[in-house]
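Under mature numbering (1 follows the signal peptide of the UniProt record, and there is no 0), the residues of the sequence shown are numbered -24 to -1, 1 to 914, in order.
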Amino acid sequence: MKKKTVNVLSALILLLSLHPSAMAQQRTREVVMIKRYAADTLTASPTKAPLFVKFITIPDDRTLARCGVIRALTGRHYILQLLPADSTLRKKVQYSYIASPNYKATDALLAQLESLQPIDSIEVQVSYSGEHFSAARTQTLYMIDRYHAAVVKLQQRDWPSLIALSDVTGANQVRHASPEVIINTINPYVNRINVAQQQFPMIRGKSITVSVKEDLFDTTDIDLSGRYLRSALQSNVNSAHATIMATLLAGAGNSGANGLGVAPEARLTSSSASVLFPDADTYYRSFGITVQNHSYGIPIEYDYDAEAVAYDQQIRAADTLLHVFSAGNSGTTIPSGGRYQGVGAFSNLTGNFKQAKNVIVVGGTEANFDVATLASRGPAYDGRIKPEIVAYGQDGTSGAAALTSGVVALLQDAYRQLHSIAPSSALVRALLINSAALPAGGRPAYTYGFGSLHAAGALTTLSAGRYRQGTLLPNSTAAFDIPVPAGVRQVKVTLCWNDPAAALKAPKALVNDLDMQAVTPDGTIWLPWVLNPYPAADSLKQPAHRGIDSLNNTEQISIDQPAAGNLHITIKSKNLATADQPFYIVYDFIREPSFAWQNPVNGAILPASQAIPLQWETTYSGNSDISYSIDSGATWIPIVSQVPAQQQMAYWNVPALFNKVLLKLTLTDTSFISPPCYVTPQLTLFTGFNCSDTAMIYWDRLAGASGYQAYTLSQGVMTPYKQLTDTFLFIPKQGNTSVYYAVSPIAPAGWEGLRSYASNYALQGVGCYIKALLADKTTDNQVVLSLSLGSTWLLKNIYWERRSPTGWTRLSTSAVNSGFTNYGYTDSSPYEGVVQYRVALERQDGQIIYSDISSVSILLQHDVLIFPNPVLSQLIILDKNYRERQVVLTDMAGRIVLQRTITDIQEYLPVDRLAPGVYNCSIFVGSQRIYSKQIVKQ
């Protein structure tokens, strides 16, 4: 059957004639679409030529499947293999053309090409199907052979011949990654990282190497140093963003509480994100990398393009490697292309690599678990659930991804401790997704995926062994029985598998379709939760319903109030594209009634005089009152009243205490007391002096403390250094290489309070006792000297000295008063010129310590002063006023040998290149000479 086509030019003329005012914007879009994707031909199409088709209304998935959809350009524009055979469906087609090969390129690239002149050059990333790639009139810049991709340079006029090549399967812009965080915030409570670290103290990521793919972080940072593995792939650019990500992920906490990451003993390495494809397999193998963090994005993309294919391919082959991506910070952006074009703020993931199936994409939430407005959301281009999970990241999803990568490292470390091998990334994904916390009564959604990251829940599930593994052959079934105990409020089961990579720009990414169902003891069949992927805002907002999932390689079934007994799980395969398909299921239970404090946990140290989130998890409902006790529960002090128990969070403005504390949440008929925690102020360290042989640090005394524990940085960890009852510490430098110290208070009961921030005593601006010596001129030409000391320990006298032509002259002596660190002296009769001052500190043992020199310019009888004279290399010019003036030096014959414009009150004029002799020096303001003098150049 022949397919009739219409000349593109005729179609454009027809479009331009319709509704000249109301439809102007729509006509413009249609003109662009037809120019891009319709071939300009009147001939009948070849049998297998793709078609560019626009439907009158959005077609359903069944219609698209029958037409052999190749690519969705928008919700109504498609590249198809053939037109609908059914005459009724054919009437739903608004127009159809033979497709231009431009459909193989991204919208962003085509828009860029359309903005160029024919002779303009452009760099293009192409995907190809053969073993090698070459194209006429292009320059190959570099190849990514393992993923059949190349970056080429060509002129705009040569684009049609490039994209028409049969072995070119796709083309895109050369994009550049951008970080996806605004500021650094740390909150270990939202995702129960604090609970995980308290309940699993031996799981710290020690056996795991994590790669951070972006610019290089600060490898000398005390929270990261000693665990960095240098890589040939690392960027030559350092960035604060990368340091924040590495710290969130694996900070050791040496600098303080905010420097403690999720997996504080994990090893770290880095690779540049200048290439968006996965790094070479040899990179991951040589460093033993099992998780890589990607906290970056590019503009929104809505295709299963080359990078997505590559990541799915690599994960499927490696199996134990997991890539974690931030969803993006484009949550309010409406996509300009793809099936969800114009639908609303949906499907706005920042980069096609986030459309991959086997990765974890992480959205961001506020501290109250609400999805952050700026966090990108799903669905994926083909309707799959994205992001898979969300995590705390109210100022950007970069941090949410880093926290998730840290939890992945903990899970991998825990699995290695149990089994001595690395876990499959499909199992790790299933653990993360199954343990993720949904809102009360919530179901999976395109905004938050399967829920909020729950570090403690994932580790608990893994350590309890609540997972199963299986492998399916084509058209086969696997079955498992899960024993459900009595008193369970909900059972949840998640199925995950690493799916083979689909073809480039595949309309649906899923290749091997597995189906899960559960049967309760009463014979009821339960299907997974599925979402409505239809490209309309009301459809995408619909709550998940139960059905057969043919889109995702993750499926989840949850059952409320399940009967006790065996829950029968079956996993079925359809026609697999591979010989077999391994898979994992993970399950867990929510019991009732239940209540558990999440913050504070047992032994938590809470900072005094700050607002902190109190958090709990419960199946109870109703309003509650929260109070605290500082006398082991004898009396209770109210914090807040009428807090809904299901809110599971309330803020406490912690008073200025140094006490052991209990928290209590009270409901109508019961109450729950927290494990003991400790409220403590945070001390601040000061440097008293930093001399050649000894340094001294000190801090303010804390009421109620019986002593103090000093810490020093040793082998990458803050370790106990010395216990003291005084509020100062002398640090001998011989045999003591560390310059980082911290201190915490000790209570009479023996418990230790919050550790201070680590301080580098050498970087606090204090020398050997002296912080600063300042010399300031008064309006009546006196000089006020101000001295600031770090400490007066063992000091006896301060000698104020001024330099004269014959040396240093002692002007006055001040006795040192213990406890006073600021001193002053006024020189009432300085000489004219640049006057230099210093102080000499006399210790009780007679040792003299000199300060640096402080200088001030003094003009007494002149408005302008030039010196020295004779001069060897540099003239100093002093002026009472800030103004622009010209300095002119002439030789004795009147020739100008040097001319300079100056503006400051003190300027330096180099004259070392002048020949020895006598010169006339004149200074002009405008045309007026204000100064003239002869100088002698030696």
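Yeah, the Cβ is synthetic: ideal placement off N, Cα and C, and Gly gets one too.
If you draw a straight line from the alpha carbon of residue 885 to that of residue 852, how long is it in whole angstroms?
Reading the sequence shown from its first residue, position 909 is the one you call residue 885. Reading the sequence shown from its first residue, position 876 is the one you call residue 852. So the alpha carbons of these two residues sit roughly 6 Å apart.
Starting from residue 257, trace the alpha helix (DSSP H) in both directions and tell me its first and last residue.
In the sequence shown, the residue the question calls residue 257 occupies position 281. Where residue 257 is concerned, the enclosing alpha helix (DSSP H) stretches over 257 to 263.
Go through its chain and collect everything with a Cβ distance to residue 158's Cβ below 7 Å, but skip five positions before and after it.
Working through the sequence shown from its first residue, we reach residue 158 at position 182. Note on residue 158: pLDDT 49, under 50, position unreliable in the model; the coordinate value appears next. If we look at residue 158 and ignore the five residues flanking it on each side, its Cβ neighbours are 371, 372.
Counting Cβ pairs closer than 8 Å, one from the stretch 682 to 695 and one from the stretch 218 to 234, do we hit at least three?
Because the criterion of three Cβ pairs below 8 Å is met, the stretch 682 to 695 and the stretch 218 to 234 touch.
Is the stretch 457 to 474 in contact with the stretch 431 to 440, if contact means three or more CB pairs nearer than 8 Å?
Too few Cβ pairs lie closer than 8 Å, so no.
Note down, one range per segment and in chain order, each beta strand (DSSP E) of at least 3 residues found wholly within the stretch 586 to 622.
Qualifying beta strand (DSSP E) stretches, in chain order: 587 to 594, 599 to 605, 613 to 620.
Which residues does DSSP list as the beta-bridge partners of residue 689?
In the sequence shown, the residue the question calls residue 689 occupies position 713. In DSSP, residue 689 forms a bridge with 694.
For residue 344, tell me which candidate among 549, 589, 203, 576 has the shortest Cα-Cα distance.
Taking the first residue of the sequence shown as 1, we reach residue 344 at position 368. Considering only alpha carbons, the answer is 589.
What's the gap between the Cα of residue 211 and the Cα of residue 135?
Along the sequence shown, one-based indexing puts residue 211 at 235. Along the sequence shown, one-based indexing puts residue 135 at 159. Roughly 32 Å between the two C-alpha positions.
I'd like to know whether the C-beta atoms of residue 553 and residue 488 end up nearer to each other than 7 Å.
One-based indexing of the sequence shown puts residue 553 at position 577. One-based indexing of the sequence shown puts residue 488 at position 512. Cβ atoms of residue 553 and residue 488: closer than 7 Å.
Following a CB-centred definition, is residue 762 positioned closer than 6 Å to any heavy atom of the ligand ATP?
Absence of the ligand ATP is noted for the structure shown, with no ligands found whatsoever.
Where does residue 933 fall in DSSP's three states?
What the structure shows of the chain is the stretch from -24 to 914, and residue 933 is not part of that stretch, so it cannot be assessed.
Tell me the DSSP bridge mates of residue 897?
Taking the sequence shown and counting its residues from 1, the one referred to as residue 897 is at position 921. DSSP lists 865, 909 as partners of residue 897.
One question on the structure: do residue 299 and residue 268 come within less than 7 Å of each other, judged by their Cβ atoms?
Taking the sequence shown and counting its residues from 1, one reaches residue 299 at position 323. Taking the sequence shown and counting its residues from 1, one reaches residue 268 at position 292. The answer is yes: Cβ separation under 7 Å.
On the three-pair Cβ rule with 8 Å, is the stretch 235 to 252 touching the stretch 362 to 369?
No, the stretch 235 to 252 does not touch the stretch 362 to 369.
Please state if the CB of residue 401 and the CB of residue 433 are separated by a distance shorter than 7 Å.
Translated into the one-based positions of the sequence shown, residue 433 becomes position 457. Translated into the one-based positions of the sequence shown, residue 401 becomes position 425. Result no, Cβ atoms of residue 433 and residue 401 do not sit closer than 7 Å.
Based on Cα-Cα distance, which residue from 213, 641, 34 lies nearest to residue 575?
Residue mapping note: residue 575 aligns to position 599 of the sequence shown, counting from 1. Of the candidates 213, 641, 34, the one whose C-alpha sits nearest the C-alpha of residue 575 is 641.
Could you check where the alpha helix (DSSP H) with residue 391 kicks off and where it finishes?
Translated into the one-based positions of the sequence shown, residue 391 becomes position 415. Residues 373 to 395.
For the beta strand (DSSP E) holding residue 148, just list the boundary residues, first then last.
Mapped onto the sequence shown, residue 148 falls at position 172. It spans 144 to 149 - the beta strand (DSSP E) in which residue 148 sits, taken as one unbroken run.
Could you check the C-alpha separation between residue 242 and residue 114 for me, to the nearest Å?
Taking the sequence shown and counting its residues from 1, the one referred to as residue 242 is at position 266. Taking the sequence shown and counting its residues from 1, the one referred to as residue 114 is at position 138. The alpha-carbon atoms of residue 242 and residue 114 are separated by roughly 45 Å.
Can you look up residue -19 in the DSSP assignment and give me helix, strand or coil?
As a working note, residue -19 is residue 6 in the sequence shown. For residue -19, the predicted model reports a pLDDT of 46, less than 50, meaning its position is unreliable; a value from the coordinates is still stated below. Reduced to three states, the DSSP call for residue -19 is coil.
Using only CA atoms, which one of 529, 311, 733, 65 lies nearest to residue 233?
Along the sequence shown, read from residue 1 onward, the residue named residue 233 stands at position 257. Measuring from the Cα of residue 233, the nearest candidate turns out to be 733.
State the DSSP-derived secondary structure class of residue 232, mapped to helix, strand or coil.
Stepping through the sequence shown from its first residue, residue 232 is reached at position 256. It is coil, neither helix nor strand.
Identify every run of the alpha helix (DSSP H) within the stretch 181 to 236, keeping only runs that are complete inside it and at least 4 residues long; order them along the chain.
Segments of the alpha helix (DSSP H) lying fully in the stretch 181 to 236: 216 to 226.
Going by alpha carbons, who is nearest to residue 661 out of 650, 668, 651, 673?
Reading the sequence shown from its first residue, position 685 is the one you call residue 661. Ranking the options by Cα distance to residue 661, first place goes to 673.
Using three-state DSSP, classify residue 283 as helix, strand or coil.
Here residue 283 is taken as the residue at index 307 of the sequence shown, counted from 1. Reduced to three states, the DSSP call for residue 283 is helix.
Can you tell me whether residue 178 is helix, strand or coil according to DSSP?
Position 202 of the sequence shown, counting from 1, holds the residue named residue 178. DSSP places residue 178 in coil when its eight states are reduced to three.
Does DSSP put residue 20 in a helix, in a strand, or in coil?
Stepping through the sequence shown from its first residue, residue 20 is reached at position 44. With a pLDDT of 48 at residue 20, under the threshold of 50, the modelled position of this residue cannot be trusted, and the question is left open.
Return the bridge partner residues of residue 456 from the DSSP annotation.
What you label residue 456 is simply residue 480 of the sequence shown in a count that begins at 1. Residue 456 is bridged to 545.
Decide if residue 768 is buried, meaning its Cβ has at least 16 other Cβ atoms within 10 Å, or exposed.
For the purposes of this step, residue 768 is taken as the residue at position 792 of the sequence shown. Residue 768 comes out buried.
Assuming residue 643 and residue 596 form a contact by the criterion Cβ under 8 Å, report the distance between their Cβ atoms to the nearest whole angstrom.
For the purposes of this step, residue 643 is taken as the residue at position 667 of the sequence shown. For the purposes of this step, residue 596 is taken as the residue at position 620 of the sequence shown. Contact holds; Cβ gap of about 6 Å.
Which class does residue 728 belong to by DSSP, given the choice of helix, strand or coil?
Within the sequence shown, numbered from 1, the residue matching residue 728 stands at position 752. Strand at residue 728.
Assign residue 87 to one of three DSSP states: helix, strand, or coil.
In the sequence shown, counting from the first residue as 1, residue 87 sits at position 111. It is helical.
Can you tell me the Cα-Cα spacing of residue 45 and residue 57, whole angstroms?
The count along the sequence shown starts at 1 and reaches residue 45 at position 69. The count along the sequence shown starts at 1 and reaches residue 57 at position 81. Rounded to the nearest angstrom, the two C-alpha atoms are 6 Å apart.
Is residue 48 helix, strand or coil when you go by DSSP?
Taking the sequence shown and counting its residues from 1, one reaches residue 48 at position 72. Strand.
Contact check, residue 685 vs residue 719 under 8 Å by CB: the rounded distance?
As a first step, residue 685 must be located in the sequence shown, where it is residue number 709. As a first step, residue 719 must be located in the sequence shown, where it is residue number 743. Confirmed, about 7 Å.
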